[in-house]
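According to our numbering, the sequence shown is numbered sequentially starting from 102. As structure tokens, the structure follows; a few thoughts come after it.
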Amino acid sequence: MKHLPKVSVLIPMYNAEKYIGEAIESIQNQTYKNLEIIIVDDGSSDNSYEIAKKYQNIYFNIILHRQKNQGPGAARNSAFSLSSGEYIQYLDADDLLAPRKIELQVRELLRHDKKTFVFGNVVEFTESISDGKFFNFPFFKNYDNPIEFLKDFWSSSGMIATHSFIVSRELIQNCGLWNETWILNEDGEFISRLISESTKAIYLSHSFSYYRKGNTTSLNSTRTERHYISQFDSYDSYYNIYKYKFDKDPSLLMALAKRYSLLIYNMYPNFPSLRKEVEKKLFALGLNKPIIVGSKKFVLLAKLIGFYNALYIQNFFQSYFKKNAK
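The following block contains the structure:
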């Protein structure tokens, strides 16, 4: 496959000594061989860098860079600046790729233009990939129109894992690099920009990767008010996509409103000042109250007694059972 284009695998790494070796091996075991691996150590305080260095001494295709801690966006951007591949594969240091993942997606990409977004399925696991479970989200399908993809993506609480897709360098250059200040939803915002710049999206269910759940040493592991502010700010980018690229499509607006409403749902009862700011955004979008989102039982209750009354009752019972479980 030497005649096939080079793929750069970009790995941001922070305190991943338990996982980085396995991640590197999952790349080296790819059936697609025209690869370079760019690892950016984002100020790790454990032995991550030393372990990665040992692999660099074994494999000729690894570039290892060290920088002070700046966050996942900055690490990914640094890796991109060091890369030379025609196509880009992102991979967090604790996640894995199935052996044929890159081959299947590159072969599909070569059948289409450089603005095509190709993504695959994801297996979520904790300890062993053999015990993993496939994601199943409604937007896991092909799209000929990026606006339809965005509607389904924004309307769902599902995720597109950063390692599930491969895109061209050209598409990334068109949409811009990762935001380096946000600490939550920087991936959803970046992927939304990629989708908005794409001509089509192709989903390959037989091409998959592995997402490690419950890793407390990952670049994003806790959610504070600062995390929710980051998520809130990232939705300004969603609004700009809606306003400037898709001529204020009303159904896309409702999908964005669901995102804001879900943010309120997830924060409640904490951070009341921030919730007020989210409510102002909903009002600016033309809504006088949040859209009812949440679990099926919550939605049924909220339709009967209202969104905030249902949130209050849900929080009351959650607090009660948590207190009595101790």
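All residues carry an ideal CB built from backbone N, CA and C; glycine is no exception. Just so we're clear, the structure is a prediction, and the values are computed from it rather than from any experiment.
Comparing alpha carbon positions, the residue from N416, S185, N367 closest to N162 is S185. Taking a cut-off of 8 angstroms on C-beta distances, the region 201-215 does not touch the region 117-126, as fewer than three cross pairs fall below it. Contact between I365 and R376 holds, since their C-beta atoms are separated by about 5 angstroms, short of 8 angstroms. About 7 angstroms separates the CB atoms of K202 and F309; that is less than 8 angstroms, so the two are in contact.
By the criterion of a C-beta distance shorter than 6 angstroms, K252 is surrounded in its chain by S352, L353, A356, once the five residues flanking it on both sides are discounted. When the Cα atoms are used, L111 and I121 turn out to be separated by approximately 13 angstroms.
Going by DSSP, G221 is part of the beta strand (DSSP E) stretching over 217-226. Residue pairing by DSSP puts D143 in a beta bridge opposite Q168. Assigned with DSSP and collapsed to three states, S109 falls in strand.
About 5 angstroms separates the Cβ atoms of S265 and V223, confirming a contact at the 8 angstroms cut-off.
Counting only unbroken stretches of 4 or more residues, the alpha helix (DSSP H) elements lying wholly within the region 283-360 are 287-298, 326-346, in sequence order. Boundaries of the alpha helix (DSSP H) harbouring F399: 397-406, taken from the DSSP string. Nearest in C-alpha terms to L295, of all of R360, P247, N286, is P247.
Assigned with DSSP and collapsed to three states, V394 falls in coil, not helix or strand. Y115 and K346 have their C-alpha atoms some 35 angstroms from each other.
In terms of Cβ geometry, R177 and L278 form a close pair [threshold 9 angstroms]. Residue burial annotation: F384 is exposed, with fewer than 16 other C-beta atoms found within 10 angstroms of its C-beta.
Non-local beta-carbon contacts of S269 in its own chain, meaning distances under 6 angstroms to residues more than five positions away in sequence, involve Y188, K215 in chain order. One thing to note: F250 has its Cβ within 9 angstroms of the Cβ of F218.
Across the set S338, N341, F333, D350, the C-alpha of F333 shows the shortest separation from the C-alpha of S362. Secondary structure at E271: helix, using DSSP grouped into helix, strand and coil. Membership of I189 in the beta strand (DSSP E) is indicated by the continuous run 188-191.
E137 is bridged by DSSP to S109. In this structure, E326 sits away from G174, with a CB-CB distance that is not shorter than 9 angstroms. When beta bridges are read from the DSSP output, F254 appears opposite no residue.
Secondary structure note for F181: its alpha helix (DSSP H) is the uninterrupted segment 173-183. Pairing G221 with H307 gives a Cβ-Cβ distance under 9 angstroms.
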